[in-house]
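K.L.:
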Amino acid sequence: MDWIAEDQIGSLGLLLGEAVERLVDSHDQEFDKHAAMMNVKTPTLTQGDEGVRFEFQVRGNRQRTQNVVIMVHPQPDPDDPGAESMQLRGECECGCAAHQRQLRCAHTLACAWWMQEQITRRRGNGQLFEFLAGLKADAVAAGKQFVDELLRRAASARPERAEAEPTQLQWRLRVNAASQATPLTITPFEQRARKGGKGWTKGREVRSFDLLEQNLLTEPLDSQIASLTSIPTHGFREDQYGMFQALRLLAGHENVTWDDSDASPINVYSSQLSLTLHPVEVDGAKQSKQSGPTGAKTSGKTARKKKQPAKSGRSKSLAELTDFPELNGASEAAADSAATMTVDRPSDVPPRDALAAPPGETTAVQFQPRLTVEGIDIDVHSCEVLFGHTSPVEPVVVLADRERDRLVVCTLIDSAASGLIQFLLREDYRDTMLDEKSAAKLALSAGTIDSLIHVALPPQLAGPIQPIQSELILQMRPRPGAGLKVALRAHDNRFRSSLVPGQQPDIVPCLSETGPVRLQRSLTGELESAQQIVERFALNKLSSDGDHEWVAVSDHAALDLLGRLHDVGDDAPRIVWPEGETFRVRGEITPKSLRVQIDDSPDWFGVTGSVTIDGVEVPLNDLLLAVREDRQLVRVGDRKFAKISEAFRRRLTQLADTLVAEKGHLKLPAAAVPVAQEVIGDDVSLEATVAWHQAVERLDTLGSWNPERPSGLDATLRDYQLDGYRWLARLSHWGVGGVLADDMGLGKTVQTLGILIDRSSEGPALVIAPTSVGENWVREAARFAPSLNAVLYRDCDRDEIIKTAGPGTVLIVSYQLMQRDAKRFATRPWTTLVLDEAQFIKNSQTKTSQAIRTLQADWRLGLSGTPLENHLGELWSLFRTLSPGLLGSWQRFRSRFAEPIERHNDAERRESLARLVRPFILRRTKDKVLTELPPRTEITLRAELSDPERKLYEDARMAALAELTQGSADGEKSHEGRRRIQTLAWLTRLRQLACHPALVDADWKGTSAKLDLLMSLVDELRDGDHRALVFSQFVKHLGVVREVLDRRGIPYQYLDGSTPSQERQRRVDAFQAGEGDLFLISLKAGGTGLNLTAADYVLHLDPWWNPAVEDQATDRAHRIGQERPVTVYRLVAERTIEEQILQLHADKRELVAGVLDGTDAAARLQTQDLIELIKSEMA
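Each residue of the sequence shown is one higher than the one before, counting from 1 in the UniProt record's numbering.
Below is the structure:
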């Protein structure tokens, strides 16, 4: 029925005026003053069978807006209920406190006055009809307005910041250990970019809280730090943060009540808000241009129905009198449900076909926007709504449903969402309806709104589901000052915006040529692909800036990333520059574009160079810096870069290994000429001085020079020995030092005597050797080089021999005496300096190494079967003495080679080091050059400790762990040196217990498992007429063995560090002559410089950390002159530290091979590694 028929408007106006007048009279005069100050907005009018509903918004001075409803409905005359005449009755509603108490208030009076004035002003029926018709609510028109306003608010929720001068935050730390209240403070300072891009200002102090409160932060990382360090001003809002945090924690709590007299129990829930579009079926045949919710038939259930007033016959007569066909057609049930509907969840809405009208009828679908709560059936509009924050950047909205005693805490996505939700809660949009066009417009913009509040669409709006495989792209944006912001995103050309890989929504609404569709993403597949990209291009090494977002904080980091992407070409994800490309790659740098200039200075060559790209000259220094920092792009202008080709990058890396930077200049040591020449090659434009060309020509000549054996050498050289002599001759003519690193027993001494004969006419030579081999040098020189005058330093007038040493003199001195008399030896130059067993100077910090570096020598040679035993610092120390400058400073060597190889197992760095030192190290192994040498067999024999031995060993091991781990817990890491000493002391004790308990426990009277095994083996060897060398690192252990041998009458020879030099040689000669079945030798005292080929068995009683030391000892028997196969036995106690040491032997061998041969790995034991040996040895 229609309450506003044009032909009956006069009667309605009269009745309406009377109803409003009675409503005004029902208000007390106390409201007059306040009502007169109210601002009343023009209301909206809706009609139904119950009557006419006017909805107002009223606002007083400095008061919040109140929603007021005036309902006018028919009522029989109370004095004559059966009369045909009737009257209209006006009722009012307001949410203010005064109305709750008195059912009247200033707001309702102001609205009644407004209506009274408007009716009075409309004198004619036509004016009144136009006025009332103009107030009618057009839900569809309101829906169009709703969508436009909603999209505007969603778009403006994140306003574009006005372009301003770049700023950045600097975080300043203050540490005050003496303060218990504030031992640490972190304060932000805002810096502004200086003009011309010349850095940043000093900055001004700001408050973290203010930065968050005013939304001034653009970097997510800064926001996180500010949240953690913010200090509120303790105003009202800040005090409420804890309240809302606590409220969220109360979700699910079983004992929560209202704070009222009854302490009524309530339930607290935590959920999320959604904007849901409910489909509503409309009868199109009866639909007018101003159709609204009165013509709607909901697709859901009715949550609550209001009882309809009884209608009399006179009431029906009035309805017929005022019938207005244009607005007719709403059934009682439909009108009721339109006012109170609650619809099902969107997933339950049937597809569009199910909503089709029966044949012969026309239907349409409209959509009603509603705020809903995920998983909870609640009418949001009927709740008391409270907005708050649990922190400056964590907003929440609380829904208080007093009717059903429950609170729902909804965490919002963003602070900007609060304003959007307040808009959605406006009363004037409560009955808004969207036609299909408006709903489609909203659906296609759901992605924009979804960033603030989740949007749930019914299937008929979203369209059919189509599976897709979205493309992963890299979005790059410049950072103020330097660097890039990088985001990995899922993208499809049909997406309105790119999405975070693997994150909801899994179905994306979009518009295709055929209409709306829903694209089904594979979130799992996206996430897996994204992880592959992250790992392949090392995105996780950048600073994290959010979900799949990173920051390259410098241009170098940005270039490194761009270079990696550029390398793989089409296999790289597509790069998108939303704000325009700011890093441009201009071509590729190849060797042909490089120009190099070389000049000469004493002992060095100066190197300069450059390339030109797009008219910009890039110095060689910049190229070398790029490859040193592992960058593939180099700057050629303002954010313009060129890529260094992969092949050229490798060559530049090799060139950088040979150059030394000093005060901005590049210097090339003379020893590095061959490597530099190879790296520069023929395709680089080279301008060099005469000295460079002469050096290159000399190297070419020496490369093909093969001198014959010196006539003064009375020895027949094997082929490899002749090759070794020729290599030494080339090095000496070149004037560059080197290392002859042949295996023990391959004749390093005789090869060296050959080069000493060659150089003898130029002046005296100095040979520094271990004490144990000094006599051997004298004998070998007399035997193979009688023309040389070999003199032991200890056997002469020391001052006189140094002073008078001339051509042909070879002075032989021990390392100990050389260190003591270093000043004497430094008083004159030496033609040749030979360091035998050169590993003695593997530590560059020892006094011996320092003393040797003070010597003046024209040419230096090192002899060592083990130039590298434990770590690369030994190699650097060796060449620092033999060829200064080749490997640069220790800091340079450590950063370029030692750390990458030892810590990161960098194969490229290992190969570069091998290439650099290869010309200066000659290493041959016996298995390669002595095919006629008898075979060597190595066998490990294991001894099982007895129960008493095992208990003693385990007690010591547990005591070691207790002491070492307690030291770590007590902060002993700050005393790493002391802790390492303690660790090594415990390891030595455990190794001794594995050999024989008597080495630790003086009261031990029994034997040991290893000693019993040894004596059993000795008996077998004697029965077979074999003779053996017995090595141990513990002299005390050899003493225990001697006692048993003496008791049993077994003949033997003995040698340790206390044996005088002459007595050493006498005992060696005696054993070689057949005196003694065994030769007991201290590993360190007799591991080098001895020739004991009379033995065909070698017994190692205890394993040493470094296998090279054991190999040296074994080579006392397995060397030139040995005619019988050699068998090596290693005696190891089972389930002890000795088994762990054997495992380490393999790692040590890999270190030597990795650098000297360019393969395998390198490692170095740290203190914690040693402790782990103690922990894990029983596993």
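Where is the CB? At the ideal position from N, CA and C, for every residue including glycine.
Using CA atoms only, rank isn't needed, just tell me which of 864, 251, 278 and 277 is closest to residue 266.
P.N.:
Residue numbering aside, residue 266 sits at position 266 when the sequence shown is read from its first letter. Comparing Cα positions, the closest option is 251.
K.L.:
Would DSSP call residue 105 helix, strand or coil?
P.N.:
Taking the first residue of the sequence shown as position 1, residue 105 is located at position 105. Coil at residue 105, not helix or strand.
K.L.:
Threshold first: 3 residues or longer. Then list the beta strand (DSSP E) segments lying entirely within the segment 406–473, N to C.
P.N.:
You should have 406–411, 454–456 and 465–467.
K.L.:
Could you say which of 548, 107, 948 and 893 lies nearest to residue 65 if we only look at CA atoms?
P.N.:
Position 65 of the sequence shown, counted from the first residue, corresponds to residue 65. It is 107.
K.L.:
Between the Cα of residue 1084 and those of 855, 1071 and 1116, spot the shortest distance and give me the residue it belongs to.
P.N.:
Looking up residue 1084 in the sequence shown gives position 1084. Taking only the C-alpha atoms, the option nearest residue 1084 is 1116.
K.L.:
Between the Cα of residue 470 and the Cα atoms of 495, 281 and 824, which residue gives the shortest distance?
P.N.:
Residue 470 sits at position 470 when you count from the first residue of the sequence shown. The shortest Cα separation from residue 470 among 495, 281 and 824 belongs to 495.
K.L.:
For residue 830, list the residues DSSP reports as bridge partners.
P.N.:
If you number the sequence shown from 1, residue 830 lands on position 830. Residue 830 pairs with 857.
K.L.:
Along the alpha helix (DSSP H) that carries residue 674, what are the first and last residues, could you check?
P.N.:
One-based indexing of the sequence shown puts residue 674 at position 674. It spans 673–680 - the alpha helix (DSSP H) in which residue 674 sits, taken as one unbroken run.
K.L.:
The beta strand (DSSP E) that contains residue 567, what's its start and end?
P.N.:
Taking the sequence shown and counting its residues from 1, the one referred to as residue 567 is at position 567. Element bounds for residue 567: not the beta strand (DSSP E) but the alpha helix (DSSP H), 555–568.
K.L.:
State the beta-bridge partners of residue 604 as determined by DSSP.
P.N.:
Mapped onto the sequence shown, residue 604 falls at position 604. According to DSSP, residue 604 bridges with 601 and 669.
K.L.:
In the DSSP output, which residue or residues are listed as bridge partners for residue 890?
P.N.:
Looking up residue 890 in the sequence shown gives position 890. According to DSSP, residue 890 bridges with nothing at all.
K.L.:
Using DSSP bridges, identify the partner residues of residue 810.
P.N.:
Position 810 of the sequence shown, counted from the start, is the residue given in the question as residue 810. Partner(s): 765 and 790.
K.L.:
Near residue 352, which residues of its chain fall below 6 Å by C-beta distance, leaving aside the five closest residues on each side in sequence?
P.N.:
Your numbering for residue 352 matches position 352 in the sequence shown. With a pLDDT of 35 at residue 352, under the threshold of 50, the predicted position of this residue should be treated as unreliable, and no value is reported.
K.L.:
Check whether the segment 1050–1057 touches the segment 1068–1081, counting contact only when three or more Cβ pairs, one atom from each stretch, lie closer than 8 Å.
P.N.:
Yes, the segment 1050–1057 touches the segment 1068–1081.
K.L.:
Hey, how far is the Cα of residue 38 from the Cα of residue 115?
P.N.:
Position 38 of the sequence shown, counting from 1, holds the residue named residue 38. Position 115 of the sequence shown, counting from 1, holds the residue named residue 115. One C-alpha to the other measures close to 14 Å.
K.L.:
Between the segment 1061–1074 and the segment 1037–1045, do at least 3 Cβ pairs fall closer than 8 Å?
P.N.:
Not touching, per the Cβ criterion.
K.L.:
Can you tell me which of the three DSSP states residue 997 falls into?
P.N.:
On the sequence shown, residue 997 is found 997 positions in, with the first residue counted as 1. Residue 997 falls in the helix class under three-state DSSP.
K.L.:
Nearest CA to the CA of residue 375: which residue from 405, 409 and 913?
P.N.:
In the sequence shown, counting from the first residue as 1, residue 375 sits at position 375. Among 405, 409 and 913, the Cα nearest to that of residue 375 is on 409.
K.L.:
Three-state secondary structure (DSSP) at residue 510?
P.N.:
Along the sequence shown, one-based indexing puts residue 510 at 510. DSSP places residue 510 in strand when its eight states are reduced to three.
K.L.:
Are the CB atoms of residue 426 and residue 463 within a distance shorter than 7 Å?
P.N.:
By 1-based counting over the sequence shown, the position of residue 463 is 463. By 1-based counting over the sequence shown, the position of residue 426 is 426. No.
K.L.:
Quick one, are the C-beta atoms of residue 109 and residue 15 less than 7 Å apart?
P.N.:
The residue given as residue 109 occupies position 109 in the sequence shown. The residue given as residue 15 occupies position 15 in the sequence shown. Cβ atoms of residue 109 and residue 15: not closer than 7 Å.
K.L.:
Which ranges does the beta strand (DSSP E) cover as unbroken runs of at least 3 residues, wholly within the segment 705–742, from first to last along the chain?
P.N.:
Those beta strand (DSSP E) runs which fall completely within the segment 705–742 and span 3+ residues are 738–740.
K.L.:
Could you work out which residue in 836, 452 and 119 is closest to residue 415 when comparing CA atoms only?
P.N.:
As a position in the sequence shown, residue 415 is number 415, starting the count at 1. Ranking the options by Cα distance to residue 415, first place goes to 452.
K.L.:
Would you check if the distance between the CB atom of residue 802 and the CB atom of residue 779 is smaller than 7 Å?
P.N.:
Walking along the sequence shown from the start, residue 802 turns up at place 802. Walking along the sequence shown from the start, residue 779 turns up at place 779. Not a contact, by the Cβ cut-off of 7 Å.
K.L.:
Among 17, 45, 59 and 54, which has the Cα closest to the Cα of residue 36?
P.N.:
Walking along the sequence shown from the start, residue 36 turns up at place 36. When each option's Cα is compared against that of residue 36, the closest is 59.
K.L.:
DSSP three-state label for residue 846, please.
P.N.:
Position 846 of the sequence shown, counted from the first residue, corresponds to residue 846. Note: residue 846 maps to coil in three-state DSSP.
K.L.:
Whether or not the segment 562–573 and the segment 658–672 are in contact is what I'm after, with contact meaning three or more pairs of Cβ atoms, one per stretch, closer than 8 Å; do they touch?
P.N.:
No, the segment 658–672 does not touch the segment 562–573.
K.L.:
Beta strand (DSSP E) containing residue 53: first to last residue?
P.N.:
Counted from its first residue, the sequence shown places residue 53 at position 53. Note, residue 53: beta strand (DSSP E), 51–59.
K.L.:
Report all residues from its chain with a CB closer than 7 Å to the CB of residue 540; omit the five preceding and five following residues, and keep chain order.
P.N.:
Within the sequence shown, residue 540 is the residue found at index 540, counting from 1. The residues are 534.
K.L.:
Would you mind sorting residue 291 into buried or exposed? The rule is 16 or more other CB atoms within 10 Å of its CB.
P.N.:
One-based indexing of the sequence shown puts residue 291 at position 291. With a pLDDT of 37 at residue 291, under the threshold of 50, the modelled position of that residue is not reliable, and the figure given next carries that caveat. Answer is buried; the Cβ neighbour count reaches 16.
K.L.:
Is residue 790 near the ligand ATP - that is, is its Cβ less than 6 Å away from at least one heavy atom of it?
P.N.:
Ligands are entirely absent from the displayed structure, and the ligand ATP is therefore not among its contents.
K.L.:
Tell me which residues share the same chain as residue 738 and place their Cβ nearer than 6 Å to its Cβ, disregarding the 5 neighbours each side in the sequence.
P.N.:
The residue you call residue 738 lines up with position 738 of the sequence shown. Correct list, in chain order: 731 and 920.
K.L.:
Can the beta-carbon of residue 627 be found closer than 7 Å to that of residue 649?
P.N.:
Here residue 627 refers to the residue found at position 627 when the sequence shown is read from its first residue. Here residue 649 refers to the residue found at position 649 when the sequence shown is read from its first residue. Taking 7 Å as the Cβ cut-off, residue 627 and residue 649 qualify as a contacting pair.
K.L.:
Can you tell me the Cα-Cα spacing of residue 75 and residue 433, whole angstroms?
P.N.:
Within the sequence shown, the letter at position 75 stands for residue 75. Within the sequence shown, the letter at position 433 stands for residue 433. Their backbone Cα atoms lie some 31 Å apart in a straight line.
K.L.:
Can you grab the Cα-Cα spacing for the pair residue 40 / residue 111, in whole Å?
P.N.:
Residue 40 sits at position 40 when you count from the first residue of the sequence shown. Residue 111 sits at position 111 when you count from the first residue of the sequence shown. Residue 40 and residue 111: Cα-Cα distance of roughly 7 Å.
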